[in-house]
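To start, the structure itself, in structure tokens.
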Amino acid sequence: MPKAPKYTEKELVEGCVKNHRQSQEYLYRQYFDSMMRMCMRYTHDKELAMEIVNTGFLRVFKKIHTFKFKGSLEGWIRKLVFHSLSDHFKKKDRKVFFMEVEDRDAPINETALDKLYLEDILKLVDELPNATRDVFVLYAIDGYTHVEIGKMLGISEGTSKWHLSNARKKLKHLIRKFYNQKNYAG
Numbered sequence: 221m222p223k224a225p226k227y228t229e230k231e232l233v234e235g236c237v238k239n240h241r242q243s244q245e246y247l248y249r250q251y252f253d254s255m256m257r258m259c260m261r262y263t264h265d266k267e268l269a270m271e272i273v274n275t276g277f278l279r280v281f282k283k284i285h286t287f288k289f290k291g292s293l294e295g296w297i298r299k300l301v302f303h304s305l306s307d308h309f310k311k312k313d314r315k316v317f318f319m320e321v322e323d324r325d326a327p328i329n330e331t332a333l334d335k336l337y338l339e340d341i342l343k344l345v346d347e348l349p350n351a352t353r354d355v356f357v358l359y360a361i362d363g364y365t366h367v368e369i370g371k372m373l374g375i376s377e378g379t380s381k382w383h384l385s386n387a388r389k390k391l392k393h394l395i396r397k398f399y400n401q402k403n404y405a406g
């Protein structure tokens with residue numbers, strides 16, 4: 221099999237916008253494994269994860285023209301695939317909460333967590349400061365260790381841990397605020 225050409229991120233996105241099949245295939249192959257791992261963490265079913273990943277990539281190709289090169293392409297793709305994952309669980313009428321935000325000092329009202337859908341939680345995660353959000357997503361959603369996150373983001377392991385702790389505190393506050401705004405009965 222011939223070796224796939226190497227694209228810059230800009231060339232890859234532009235090729236996909238122009239509906240070039242080779243660019244689309246390269247993008248798919250480039251990010252498939254990491255998207256599959258993410259989906260497998262939540263579904264534990266290879267066929268279902270594959271279906272969700274493919275639905276996510278269909279979304280990516282339909283929306284690739286909206287990518288503005290702010291943040292990483294992989295992060296943008298991951299968000300769209302994660303939305304496909306969320307949609308799958310909503311269709312099944314399941315309430316899901318994948319991310320660990322509790323700590324022993326200040327637990328969040330269980331009723332609030334039970335009533336939050338993944339889409340609501342993702343919106344709250346998007347409200348976090350960029351660096352804190354990036355660390356939280358890499359740790360809580362993608363399953364990377366603090367050492368790996370530090371290498372990826374060019375920060376120390378301790379700084380990664382601080383961002384995670386900060387994210388948990390801020391998310392607890394945001395969840396309480398969201399819960400109170402929605403007036404969920406406990």
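Just so you know, we're using my numbering here: the sequence shown kicks off at 221 and counts up by one. Every residue gets a Cβ at the ideal spot worked out from N, C-alpha and C, and that includes glycine. Here the structure is a predicted model, which means the values were calculated and not measured.
Suppose you measure from the CA of residue 331 to the CA of residue 309; what does that come to, to the nearest Å? Note on residue 331: pLDDT 45, under 50, position unreliable in the model; the coordinate value appears next. Between residue 331 and residue 309, the C-alpha separation is close to 19 Å.
Assign residue 393 to buried or exposed, taking buried as 16 or more other Cβ atoms, counted over all protein chains shown, within 10 Å of its Cβ. exposed
Sort 378, 298, 349 and 240 by Cα distance to residue 279 and report the nearest one. 298
Closer than 6 Å by C-beta to residue 296: which residues in its own chain qualify, once you throw out the five before and the five after it? Chain order, please. 287
In the DSSP assignment, the alpha helix (DSSP H) including residue 229 goes from what residue to what residue? 229-237
Exposed or buried, residue 291, counting other C-beta atoms within 10 Å across all chains shown (16 or more means buried)? exposed
Can you tell me where the alpha helix (DSSP H) with residue 444 in it begins and where it stops? Lying outside 221 to 406, the shown extent of the chain, residue 444 is not represented and no answer is given.
Measure from the alpha carbon of residue 247 to the alpha carbon of each residue in 234, 258, 382 and 257, then state which is nearest. 234
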